[in-house]
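Q:
Protein chains in written order, with the numbering used here: chain A, 1 to 92; chain B, 1 to 92; chain C, 1 to 92; chain D, 1 to 92; chain E, 1 to 92.
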């Protein structure tokens, strides 16, 4: 899983029926220095996060398991909101 | 999932039977600045997109689920057309 | 899926029984400028391609589906021969 | 699998029910020179590792198999503690 | 699959029961020039390879299939020993 920051909403009207009713947001991974970096990943947000929130994201086949909806056609989902982390490298 | 731009068609005559009847297009991911970048991914287009259109792409085992065709042998599919996105980093 | 160029044969005598009878070739992805680049991927060639041929490659669990052989232990397979592609970025 | 170093704990209160009761830690891969590098991966720690410990990490669908808990919604898990490794490249 | 060079053994005593009895080695991919490069991958060696040997490695869910042991919790396995390869790019 990855620690990511929510960057904004992503709107799609013409879409696969396995995405109907699901909220899509764009996120970026948080790097060693606590800043966002790298490519934008579009993930399902089942929680209702705000822009700027720090979240835990899963990708791959686990995303479908996490939604617990066998009809969902997704490969990336927010698993939770991160309260805090204390990584060694942050202190170096 | 990733936000990608459709770059053109990809034609294959001699191919796996699990690809018969499926339209193949080349896409590239859209990066932070809104430009395309990175490698070309060949994806199934079940919608009939135009070149230059902004689309949502899924990869991996989810692609087969999204097509809802157990005989399809694909690992990347267009899930929908992106109407808009408002990502924080675009405003920085 | 990716557009790749066949680079040569790969011979293995002592190997997993799920690879018996399968032809292995090394390929590289074709980049934006039409040249090959990046790492060598060893893929199963069920078609009998020539060196230098442009092919469509799938990776991951889809490779086993594409071979339609439940005993095959492979993670990358040639899905077809690419006749042509007309990607925007090629014209830039 | 990858050799990683445990970098610290990651706390999430609002989270997917498939993560309830699982300890989450951040790890980084150990590179050729024995130092950590690259992005932070959040993994389930079923062993109870200390910060700084060298561990073996699996990612992808295998993570669910390794936990042996069909309800777990995880894509990265610590498989064991690394006692030692003697890699050629370390001596170069 | 990838062509890799075996770099050494990796010892773990406290480990997942799905790894019991399996030999773990560290490998690196062989690049275009025939040299090793990139990160260290820990793989199961069901053959008994020597350090320096050139091997074929599979990753992902296929690794479990290749071991033919439903209890194995692995994501990377040696599929065979590479006798030879004749890649175009080597001659460039």
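We treat Cβ as the ideally placed atom computed from N, Cα and C, and that holds for glycine.
Quick one: does residue 3/D have its CB under 7 Å from some CB of chain A?
A: No, because no Cβ of chain A sits closer than 7 Å to the Cβ of residue 3/D.
Q: I'd like to know whether the C-beta of residue 60/A is nearer than 7 Å to at least one C-beta of chain D.
A: It does: the Cβ of residue 60/A has a partner Cβ on chain D nearer than 7 Å.
Q: In whole angstroms, what is the alpha-carbon distance linking residue 22/C and residue 45/C?
A: About 7 Å.
Q: Just the chain A side, please: which residues come within less than 8 Å of residue 74/D by C-beta, in chain order?
A: Ordered by position in chain A, the residues that pass the 8 Å Cβ test against residue 74/D are 1, 58 and 62.
Q: Which residues does DSSP pair with residue 8/D in a beta bridge?
A: DSSP, once it has assigned bridges, lists 26/D as partnering residue 8/D.
Q: Taking the beta carbon of residue 75/C as the centre, do at least 16 other beta carbons fall within 10 Å, making it buried, or is it exposed?
A: Buried is the call here.
Q: Counting only runs that start and end within the stretch 62-92 of chain A, where is the alpha helix (DSSP H) found for 4 or more residues in a row?
A: Qualifying alpha helix (DSSP H) stretches, in chain order: 62-67 and 88-91.
Q: If you run the structure through DSSP and keep just helix, strand and coil, what is residue 112/E?
A: In the structure displayed, chain E extends from 1 to 92; residue 112/E sits before or after that span and is not available.
Q: Taking only beta-carbon positions, decide if residue 40/E is within less than 7 Å of chain C.
A: Not one chain C Cβ lies under 7 Å of residue 40/E.
Q: Which of the three DSSP states is assigned to residue 53/E in this structure?
A: Looking at residue 53/E - three-state DSSP - the assignment turns out to be coil, as it is neither helix nor strand.
Q: Could you check whether residue 10/A and residue 26/A sit closer than 7 Å to each other, using their CB atoms as the reference points?
A: Yes, these two residues count as a Cβ contact at 7 Å.
Q: Taking 7 Å as the CB-CB limit, is residue 79/B close to chain A?
A: Closer than 7 Å: yes.
Q: Take residue 49/E and list the residues in its own chain whose beta-carbon comes closer than 8 Å to its own, dropping the five residues that flank it on each side.
A: So the qualifying residues of the chain are 6, 25, 55, 78 and 81.
Q: Please confirm whether residue 1/C and residue 57/B have their CB atoms less than 7 Å apart.
A: No, the pair does not count as a contact, with Cβ atoms beyond the cut-off.
Q: In chain E, what lies closer than 7 Å to residue 94/C by C-beta?
A: Outside the shown range of chain C (1 to 92) lies residue 94/C, about which nothing can therefore be said.
Q: Which residues does DSSP pair with residue 58/A in a beta bridge?
A: Looking at the DSSP assignment, residue 58/A forms a beta bridge with 77/A.
Q: Output, in chain order, the set of chain B residues within a Cβ distance shorter than 8 Å of residue 15/A.
A: What residue 15/A touches in chain B: 56, 79, 80 and 81.
Q: For chain E, check one thing: does any of its Cβ atoms lie closer than 7 Å to the Cβ of residue 26/C?
A: So, interface residue.
Q: Using a cut-off of 7 Å between C-beta atoms, extract the partners of residue 19/B located in chain C.
A: Here the neighbours are 79 and 80.
Q: Report the rounded CA-to-CA distance for residue 51/C versus residue 72/E, giving the unit in angstroms.
A: In a straight line, the C-alpha of residue 51/C is about 37 Å away from that of residue 72/E.
Q: Beta-carbon of residue 91/B versus every beta-carbon of chain C: anything under 7 Å?
A: At residue 91/B the pLDDT is 42, less than 50, meaning the model places this residue with poor confidence; the figure from the coordinates comes in the next sentence. Answer no: the Cβ-Cβ gap between residue 91/B and chain C never drops below 7 Å.
Q: Does chain F have any CB closer than 7 Å to the CB of residue 47/B?
A: In summary, chain F is missing from the structure at hand, where the protein chains are A, B, C, D and E.
Q: Could you work out which residues of chain A lie near residue 11/D, taking near to mean beta carbons separated by less than 8 Å?
A: Chain A residues near residue 11/D: 82, 83, 84 and 85.
Q: Report the rounded CA-to-CA distance for residue 86/A versus residue 39/D, giving the unit in angstroms.
A: Each residue's alpha carbon lies about 15 Å from the other.
Q: Quick one: what's residue 40/D bridged to in DSSP?
A: Answer is none; residue 40/D lacks a bridge partner.
Q: To the nearest angstrom, how far is the alpha carbon of residue 30/B from that of residue 53/B?
A: Between residue 30/B and residue 53/B, the C-alpha separation is close to 11 Å.
Q: Excluding the five sequence neighbours on either side, which residues of its own chain have a C-beta within less than 6 Å of the C-beta of residue 63/C, listed in chain order?
A: Answer for residue 63/C: 74, 75, 76 and 77, listed in chain order.
Q: Can you give the Cα-Cα distance for residue 16/A and residue 61/B, rounded to whole angstroms?
A: Near 15 Å, if we compare the C-alpha coordinates of residue 61/B and residue 16/A.
Q: Residues in the same chain with beta-carbon distance under 6 Å from residue 92/B, minus the five sequence neighbours each way, listed in chain order, please.
A: Bear in mind that a pLDDT of 43 at residue 92/B, under 50, signals an unreliable position, so the number given afterwards is only what the model happens to contain. Correct list: empty, nothing qualifies.
Q: For residue 28/C, which residues in the same chain have their Cβ closer than 7 Å to its Cβ, ignoring the five residues on either side in sequence?
A: If we look at residue 28/C and ignore the five residues flanking it on each side, its Cβ neighbours are 4, 5, 7, 36, 37, 38 and 40.
Q: So, using beta-carbon positions, are residue 13/D and residue 69/A closer together than 7 Å?
A: Taking 7 Å as the Cβ cut-off, residue 13/D and residue 69/A do not qualify as a contacting pair.
Q: With H, G and I counted as helix, E and B as strand and the rest as coil, what does DSSP make of residue 3/B?
A: In the structure shown, residue 3/B sits in a strand (DSSP, three-state: E or B).
Q: Please work out which residues of its chain come closer than 7 Å, Cβ to Cβ, to residue 47/B, disregarding the five sequence neighbours upstream and downstream, and give them in chain order.
A: So the qualifying residues of the chain are 78 and 81.
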